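Protein chains in written order, with my numbering: chain P, 1 to 230; chain R, 231 to 483.
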Amino acid sequence: MKKILCGILCASAGAALAVQSTVTTIDVIAVSSSLSNTVVAIPGLDLSGDRLAISNLVKTTNLTVNDKLIAFDNGSYQCWILSSGKKWEPFIDAMRDGSGESFGSGTPAASKQMLVGQGIWLLRQNTASPFYIYALHVASPSTTVAANATALVGNPTTSAKHPTITTPNVGDEVSIPTAGTLEHYFYTGLQDADKKWFSAGNYFANPPSIPAGTGFWYKSTGAAVTITWP
Amino acid sequence: MNKILVTAFAAAMSAAAFAGMNNVTILFSTPGPDTYSDGTPVLDGERYALVWTPNGETFAGINTDATAAGGSKVAVSAPVATGGHCPNVLFQVDEDYAAANYKGGSWSVVLLDTRKFKLNKDGTPQLDELGNRVVATWGAKGFSNGYGVIGNAVANEAGFQSAGGVAAASGTPSADIPDPVVKGISFDGDNVLVTVESTSPALKYGLVSGDTPDKVDTEVAGKAASSYGSASSEIVLIKAKKSGGEFFKVNAK
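Structural data, given as structure tokens:
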């Protein structure tokens, strides 16, 4: 009998000492926005450590059937719609550009993967409730916008922050969605010491704070730029 | 005409000229069932087209070569019909191409009827046991019997245009299909026989009659009062003769 009691005590002591937890951290961001069309940030990686797929970006909680996700990639848009089965189903692409017309070939699967810190449009019918994004946490995330390119960029952190833009080009532009339009910030100035972001008659050291999980357009007019979220 | 009024993405996005950002984008679908002018369901792989019409003009239809009549232009057409309707399609026009070719104006989405029918030796379409025309091919570019303008767009605040929401029918003959011509009238017993030329197997021709020449609008029913046209020969429409004077026209639809 004594032996049995001892065994139980030893086991309990061992369990109390060996506290275990996951070695990875998950970011979960509740995004409250009154905008029907919001740029959503890609907050991190897939739980497997791979790049996050469109289908796993936004939790469908609080979303409505026929809400849409719209990505911008290489100068054109791609769209997915939330089906009644809570799946993101792709739109067929029918595109016309200078080289002619095309259809279907660009139709993306919802498994299309996105980079941390990129952005994607979410079109919602009901904005009363927050939506949720989650991902495997990435320390010190950064985004690179290629030279002379336009990209959707998102704040992948869990709090509102000013983006730090490394060596922007004069003429670069940040455009932040507001209700029905965009708020534009242009990088301007002749001397390095004078260079600032200009918007609506005012100058700023940095673009404004971006709410967690949301984003903006960035237009690079010269060399590639890197955006971080300290 | 149900026009889709599109102020491209640019309108809501101010003057920003981000490459591709200002593409014209229309998210489109129909709930179905979409039908051809003869009431049969649209075949999988049938085409829907995005058409631009310049300011000050009215969309004048689609020609038999699938181009737009008048000053309108077909920006893109795609053989996307599935399950008797238009599935979710993102029509998109590159901003530079749109700026160079589609300044201002308005947009429409139209259902095309690209069916080509199996023909009898007399040029009339072969019919199945239900009286429907037997289709040989469809969905190819560069041909259209007719069209139907469909859909509505609602601009939302960020500029993406959503459209669709109505069942579609290709009920209008192509703009350049020639009008039918009455070549002769003859009598056989109690019947009037109207011989018609310049017809198309894509259309069904029928007689309308009236008591005065300025009111010829009563559709004539009965066997052979209407008939599909012919690609190569005349057709004959038959109507029971009535007493007194009577005036005729031939309609196509």
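By construction, the Cβ of each residue, glycine as well, lies at the ideal position given by its N, Cα and C atoms.
Fair warning: this is a prediction, and the values are worked out from it, not measured in the lab.
Let's see if you can read the secondary structure: which residues bound the beta strand (DSSP E) around residue i?
i	result
P:E183	T181 to T188
P:D93	I92 to D97
P:N37	N37 to A41
R:Y332	R:Y332 -> no beta strand (DSSP E), and no H or E assigned at all.
R:N481	F477 to A482
R:W195	Coverage of chain R is limited to positions 231 through 483, which leaves residue 195 of chain R absent and any answer about it impossible.
R:Q322	V319 to V323
P:N202	N202 to F204
P:T226	V225 to T228
P:F131	F131 to L136
R:L260	The amino acid occupying residue 260 of chain R in the given sequence is Thr; Leu does not appear at that position. Note, R:T260: premise wrong, no beta strand (DSSP E); not H, not E.
P:D192	Where P:D192 is concerned, there is no enclosing beta strand (DSSP E), given that its DSSP letter is neither H nor E.
R:N293	Looking at the DSSP string, R:N293 is not in any beta strand (DSSP E), and its letter there is neither H nor E.
P:P75	First, the amino acid is wrong: residue 75 of chain P is Gly here, not Pro. That residue, P:G75, is in no beta strand (DSSP E); it is neither H nor E in DSSP.
P:S142	S142 to V145
R:S456	S456 to Y458
For residue i, which residues in the same chain have their Cβ closer than 7 Å to its Cβ, ignoring the five residues on either side in sequence?
i	result
P:A109	P90
P:L136	T24, I26, G44, L45, D46, L47 and G49
P:N37	W121, L123 and P177
P:T214	V31, S33, T38, V39, V40, A41, G154 and N155
R:G369	G275, E276, R277, P309 and T344
P:A147	S220, G222, A223 and A224
R:N350	Q356
Check whether chain P comes within 8 Å of residue i, counting only Cβ atoms and requiring the distance to be less than that.
i	result
R:N293	no
R:Y377	no
R:P317	yes
R:L433	no
R:A215	Nothing about residue 215 of chain R can be read from this structure; chain R reaches only from 231 to 483.
R:A305	yes
R:L257	yes
R:V310	yes
Only counting the same chain, and skipping five residues up and downstream in sequence, which positions put a Cβ closer than 6 Å to that of residue i?
i	result
R:Y332	W282
R:S462	G353
R:A399	T265 and G378
P:T226	S142, T144 and T166
R:D406	N293 and T294
R:V272	D264, A311 and G314
R:A305	L280, W282 and V323
Measure from the C-beta of residue i to each C-beta in chain R and report whether the shortest distance is under 8 Å.
i	result
P:G98	yes
P:K196	no
P:A212	no
P:K68	yes
P:F131	no
P:F247	Any question about residue 247 of chain P goes unanswered here, given that chain P covers just 1 to 230.
P:F186	no
P:T144	no
Please compile the residues from chain P whose C-beta is within a distance smaller than 9 Å of the C-beta of residue i.
i	result
R:D326	D97 and G98
R:V340	Chain P residues near R:V340: none, gap ~13 Å exceeds 9 Å.
Could you name the residues of chain P that residue i contacts, counting a contact when the two beta carbons are closer than 8 Å?
i	result
R:N481	Those within 8 Å of R:N481 in chain P number zero; the least Cβ separation is about 35 Å.
R:V272	The contacting residues do not exist; R:V272 stays about 15 Å from chain P at best.
Listing by chain order, which chain P residues have their CB less than 7 Å from the CB of residue i?
i	result
R:N253	S76 and Y77
R:F321	A94
Could you name the residues of chain R that residue i contacts, counting a contact when the two beta carbons are closer than 9 Å?
i	result
P:K161	Simply none; closest approach about 23 Å.
Name the chain R residues whose beta carbon is nearer than 7 Å to that of residue i?
i	result
P:I81	N318
P:F103	A308 and V310
If you measure from the CB of residue i, is any heavy atom of the ligand GDP nearer than 7 Å?
i	result
P:T164	The ligand GDP is not part of the structure shown, which contains no ligands of any sort.
Report yes or no: is there a C-beta of chain A within less than 8 Å of the C-beta of residue i?
i	result
R:V281	No chain A is present in this structure, whose protein chains are P and R.
Could you name the residues of chain R that residue i contacts, counting a contact when the two beta carbons are closer than 8 Å?
i	result
P:T127	Within chain R, no residue comes near P:T127; the closest Cβ sits about 11 Å away, beyond 8 Å.
P:F204	Residues of chain R passing the Cβ test: none, with the nearest at roughly 18 Å.
Residues in the same chain with beta-carbon distance under 8 Å from residue i, minus the five sequence neighbours each way, listed in chain order, please.
i	result
P:N62	N126, S129, P130, F131 and Y132
Can at least three beta-carbon pairs, one atom from the segment 406-426 of chain R and one from the segment 303-321 of chain R, be found at a separation below 8 Å? no
Pair every Cβ in the segment 410-422 of chain R with every Cβ in the segment 290-297 of chain R, then say whether three or more of these pairs are closer than 8 Å. no
Tell me, please, whether the segment 212-230 of chain P touches the segment 167-178 of chain P by the rule of three or more beta-carbon pairs shorter than 8 Å. yes
Count the C-beta pairs between the segment 42-60 of chain P and the segment 112-120 of chain P that are closer than 8 Å, then say yes if the count reaches three, no if not. These segments touch.
Would you check if the segment 267-277 of chain R and the segment 358-366 of chain R touch, i.e. whether three or more CB-CB distances between them fall below 8 Å? Result yes; three or more Cβ-Cβ pairs closer than 8 Å.
Could you check whether the segment 331-346 of chain R touches the segment 271-279 of chain R, counting it as contact only if at least three pairs of C-beta atoms, one from each stretch, sit closer than 8 Å? Counting Cβ pairs under 8 Å, three or more are found: they touch.
Are the segment 475-482 of chain R and the segment 440-460 of chain R in contact at 8 Å, needing three or more beta carbon pairs? Taking a cut-off of 8 Å for Cβ pairs, the segment 475-482 of chain R and the segment 440-460 of chain R touch, as three or more such pairs fall below it.
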